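J.: This is the structure, below, for whatever I ask next.
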Amino acid sequence: METISTVAGLRARVRQWKQAGARVGVVPTMGALHDGHLSLVHAARARADRVITTVFVNPIQFDNADDLATYPRTLDDDARLLADAGVDMLYAPTVSQMYPPGFATRISVSGVSEGLCGGTRPGHFDGVATVVCKLLLQTLADCAFFGEKDFQQVQVVRRMVTDLDLPVEIIACPTRREADGLALSSRNRRLTPSQRETAVALPRILQACAADIAVGADVPAALARAVRQLADAGFDPVEYVELRSELDLQPLAVLTGGMPARLLAAAWLGDVRLIDGMAVPLPE
Ligand code: PAF
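Rendered as structure tokens:
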């Protein structure tokens, strides 16, 4: 695996691959890699001839300076994991490479970026859309892989790719979980042992809520109950628990046959913000 940090170096290598007829896949990440990221790499290897993983902690998608400062940075470990996983190139640009002095453009996707995480993290999805657009254009990848844990992010990226006619296929991969159900996340490593014990309540409560809704529970009441249960378990604050259409993220007050629905939540343990989501089984 080679490590490249400049756009020129990246482009030169990708040009060679493409001249040889290779299909190029990219897995954009912010590093601190875990099995969830590696499952994206495996999906990329199955669908592309050459795989690039990008590691870039993108400052413009953080709405909180402490979160940016404490975001785990483990580039050497990441490089080892990626080499073992068969990645061809690690692209790790510097902040000044990505955002040189004078950089002044933002991509803003309306609609799907509003509410949920967009409601509490001002500017977050503009930052995500801007960096993902740049990474897709820098790598000229044919396909790009994202985790479904960040469900709203996937919708924002899909909308942007459609609207800007970017010639790339977006592939969403299922959330990977610990044995007890906690969704894998780079932020999990910041949980204390006791917060880690509490964290498992998030997928458990969402699972129970999804099951209740699937068998006809009143949706607003089921969501309010899940919020209360999370608060009782020790999450503070509980930002949201919502039922949304999987197709366009519209809020759903009832489950209707044929409309895939997803329960989405964000809640804090100390200074760690966790998100999770799960599909609600459709009524027969
Ligand atoms: O999901 C992430 O890790 C980031 O939001 C992404 C897509 C790499 C953009 O910085």
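Mapping the sequence shown onto this note's numbering, position 185 (from 1) lands on 627, and the numbers just tick up by one.
Ideal Cβ placement from N, Cα and C applies to all residues, glycine included.
Every value quoted in this text rests on a predicted model; they were computed, and no experiment measured them.
In chain order, which continuous runs of the beta strand (DSSP E) of length 3 or greater are located wholly inside the region 605 to 656?
T.: Runs found: 611 to 615.
J.: Near ALA474, which residues of its chain fall below 8 Å by C-beta distance, leaving aside the five closest residues on each side in sequence?
T.: The sequence position of residue 474 within the sequence shown is 32, counting from 1. Within the same chain, ALA474 has close Cβ partners TYR513, PRO514, ARG515, THR516, ASP520, SER628, ARG631.
J.: Taking C-beta to C-beta, are LEU685 and LEU694 nearer than 9 Å?
T.: Taking the sequence shown and counting its residues from 1, the one referred to as residue 685 is at position 243. Taking the sequence shown and counting its residues from 1, the one referred to as residue 694 is at position 252. A contact, by the Cβ cut-off of 9 Å.
J.: Can you tell me which of GLY467, PHE587, VAL596 puts its alpha carbon nearest to the alpha carbon of VAL554?
T.: Within the sequence shown, the letter at position 112 stands for residue 554. Closest option to VAL554, Cα to Cα, is VAL596.
J.: For the alpha helix (DSSP H) holding PHE567, just list the boundary residues, first then last.
T.: Walking along the sequence shown from the start, residue 567 turns up at place 125. Unbroken alpha helix (DSSP H) run through PHE567: 566 to 581.
J.: The beta strand (DSSP E) that contains MET531, what's its start and end?
T.: Your numbering for residue 531 matches position 89 in the sequence shown. MET531 -> beta strand (DSSP E) spans 531 to 533.
J.: At what residues does the alpha helix (DSSP H) containing ASP518 begin and finish?
T.: One-based indexing of the sequence shown puts residue 518 at position 76. Element bounds for ASP518: 517 to 526.
J.: Considering just the uninterrupted stretch of the beta strand (DSSP E) at SER550, what are its terminal residues?
T.: Indexing the sequence shown from 1 puts residue 550 at position 108. It is not in any beta strand (DSSP E) - SER550 carries neither H nor E in the DSSP assignment.
J.: When the distance is taken between beta carbons, is ARG492 closer than 9 Å to ARG465?
T.: Taking the first residue of the sequence shown as 1, we reach residue 465 at position 23. Taking the first residue of the sequence shown as 1, we reach residue 492 at position 50. It is a contact, given that the beta carbons lie within the stated cut-off.
J.: The alpha helix (DSSP H) spanning ASP509 covers which residue range?
T.: Counted from its first residue, the sequence shown places residue 509 at position 67. That run of the alpha helix (DSSP H) goes 507 to 512.
J.: Does DSSP classify VAL669 as helix, strand or coil?
T.: Along the sequence shown, one-based indexing puts residue 669 at 227. Residue state, collapsed to three classes: helix.
J.: Can you tell me whether SER538 is helix, strand or coil according to DSSP?
T.: Your numbering for residue 538 matches position 96 in the sequence shown. In this structure, SER538 counts as helix in the three-state DSSP scheme.
J.: Between which two residues does the beta strand (DSSP E) carrying ALA709 extend?
T.: Here residue 709 corresponds to residue number 267 of the sequence shown, with the count starting at 1. Taken as a continuous stretch (DSSP letters only), the beta strand (DSSP E) holding ALA709 covers 703 to 711.
J.: Where PRO564 and VAL573 are concerned, what is the direct C-alpha to C-alpha distance, given to the nearest angstrom?
T.: Your numbering for residue 564 matches position 122 in the sequence shown. Your numbering for residue 573 matches position 131 in the sequence shown. Their Cα atoms are separated by approximately 16 Å.
J.: Is the region 651 to 659 touching the region 615 to 627 in the sense that three or more CB pairs, one from each, lie closer than 8 Å?
T.: Touching, no.
J.: Between GLN594 and the ligand PAF, is the CB less than 8 Å from at least one heavy atom?
T.: Taking the first residue of the sequence shown as 1, we reach residue 594 at position 152. Every heavy atom of the ligand PAF is 8 Å or more from the Cβ of GLN594, so no.
J.: Can you round the beta-carbon distance between LEU691 and GLN594 to whole angstroms, since I take them to be within the 8 Å contact cut?
T.: Position 249 of the sequence shown, counting from 1, holds the residue named residue 691. Position 152 of the sequence shown, counting from 1, holds the residue named residue 594. With a Cβ gap of about 7 Å, LEU691 and GLN594 count as contacting.
J.: Give the single residue among ALA663, ASP509, GLY589 whose Cα lies nearest to the Cα of CYS651.
T.: On the sequence shown, residue 651 is found 209 positions in, with the first residue counted as 1. When only C-alpha atoms are compared, the closest one is ALA663.
J.: Compare the beta carbon distance of GLY719 and GLU590 with 9 Å and say whether it is the shorter of the two.
T.: As a first step, residue 719 is located in the sequence shown; it is residue number 277 there, counting from the start. As a first step, residue 590 is located in the sequence shown; it is residue number 148 there, counting from the start. Yes.
J.: Take ASP505 and list the residues in its own chain whose beta-carbon comes closer than 8 Å to its own, dropping the five residues that flank it on each side.
T.: Locating residue 505 in the sequence shown gives position 63, where the first residue counts as 1. So the qualifying residues of the chain are ARG563, PRO564, GLY565, HIS566.
J.: Going by DSSP, what residues sit across from VAL497 in a beta bridge?
T.: In the sequence shown, the residue the question calls residue 497 occupies position 55. In DSSP, VAL497 forms a bridge with THR471.
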